[in-house]
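Novice: Position one of the sequence shown corresponds to residue 12 (the working numbering), numbered consecutively onward.
Glycine is no exception: its CB is placed at the ideal position from the N, C-alpha and C atoms.
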Amino acid sequence: MSVAKTLRTNLNVAMLDVERQARRNHRFHSKSGQANRSIMHEVTSDGLEGRAYINDGVAKYTKYQHEGTGLYGAMRRAYKVKPKTRKALYWVSDGEKNFSQGVTIRGIRPDHFLYRAFAAQKPYVLARMRGAVSAALNMAGLKGGR
């Protein structure tokens with residue numbers, strides 16, 4: 012196995028561990044599983060850079076779960092929801108019909124599951140990559156070790 016392939020393989024496994032940690036440890040409920048499937052990882056072809064990320068193409072709303080919205084998001088403002096085509100919003104709660112001309116939404120609190128996953132996996136990623144670099148140095152004929 013080549014030096015680049017050793018580094019790439021180990022970094023890929025490390026990023027997969029971060030991805031799995033993020034998928035397991037979030038605070039939102041994913042009914043369809045799309046939010047979990049939108050958490051992905053990738054490694055560059057040279058094996059020197061890896062990242063775990065949220066793929067908007069799978070589930071656009073996952074980034075809002077991660078970063079928050081309204082008062083808790085980037086704008087730091089609550090927002091108003093108004094009916095588009097009717098005079099009032101309508102919903103049923105506890106068997107009772109409810110009407111409103113608009114409601115103020117405070118927003119979604121952020122759930123920084125990717126950041127927590129990186130923090131939790133950091134010691135394991137560093138240990139794995141230390142071993143990979145040591146193995147790569149041995150393959151290259153240089154003395155590996157600490």
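With a 10 Å radius around its C-beta and 16 neighbouring C-beta atoms as the bar for buried, classify Glu30 as buried or exposed.
Specialist: The residue labelled residue 30 in the question sits at position 19 within the sequence shown. It counts as buried.
Novice: If contact is defined by three or more beta carbon pairs under 8 Å, each pair taking one atom from either stretch, is the segment 145 to 154 in contact with the segment 27 to 47?
Specialist: No: the two stretches stay apart, fewer than three of their Cβ pairs being nearer than 8 Å.
Novice: In the DSSP assignment, find the beta strand (DSSP E) that holds His123 and state where it starts and stops.
Specialist: Reading the sequence shown from its first residue, position 112 is the one you call residue 123. His123 -> no beta strand (DSSP E), and no H or E assigned at all.
Novice: Just checking, does the segment 117 to 136 make contact with the segment 53 to 72 on the three C-beta pairs under 8 Å criterion?
Specialist: Output reads yes: the segment 53 to 72 touches the segment 117 to 136.
Novice: Output the distance between the C-alpha atoms of Val14 and Tyr75, rounded to the nearest integer angstrom.
Specialist: Translated into the one-based positions of the sequence shown, residue 14 becomes position 3. Translated into the one-based positions of the sequence shown, residue 75 becomes position 64. The alpha-carbon atoms of Val14 and Tyr75 are separated by roughly 39 Å.
Novice: Does Val92 pass the burial test, meaning 16 or more other C-beta atoms within 10 Å, or should it be called exposed?
Specialist: Reading the sequence shown from its first residue, position 81 is the one you call residue 92. Counting Cβ neighbours within 10 Å, Val92 comes out exposed, since fewer than 16 surround it.
Novice: Please list the terminal residues of the continuous beta strand (DSSP E) segment that includes His52.
Specialist: By one-based count along the sequence shown, residue 52 stands at place 41. Looking at the DSSP string, the run of the beta strand (DSSP E) that includes His52 is 50 to 54.
Novice: Measure the alpha-carbon distance for Asn161 versus Ser41 and round it to whole angstroms.
Specialist: Residue 161 cannot be examined here, being either before or after the span of the chain that is shown, 12 to 157.
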